[in-house]
Amino acid sequence: MKEQIILTLVYLRHLTTFQLLSFQFGVNESTANDTFYTFQTFSKVQLLPYNDLNPDY
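When the count follows my numbering, it moves up by one through the sequence shown with no breaks and lands on 97 for the last residue.
Dropping the structure here:
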């Protein structure tokens, strides 16, 4: 789980290719892609900014 989060953060910071991420993290390119999109979806659902939860803010 820790490496999946780091993979996601590396992608967001450097906007690299999934091919390079797969090499760096020792996984298939499709696994790197799936990991990023899974955590991106999770962060949108679970980690909404405070003002999105409270529109009157």
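We put the CB at the ideal spot given by N, CA and C, even for glycine.
All values reported here derive from a predicted model rather than from experimental measurement.
Integer-rounded CB distance, given that Phe58 should sit under 8 Å from Glu69: 5 Å
Cβ-based neighbour list, Asn73, same chain, cut-off 7 Å, excluding 5 preceding and 5 following: Phe58
With 16 other Cβ atoms within 10 Å as the buried cut-off, status of Phe63: exposed
Where the alpha helix (DSSP H) containing Leu60 begins and where it ends: Phe58 to Phe65
Alpha-carbon spacing of Phe65 relative to Leu49, whole angstroms: 13 Å
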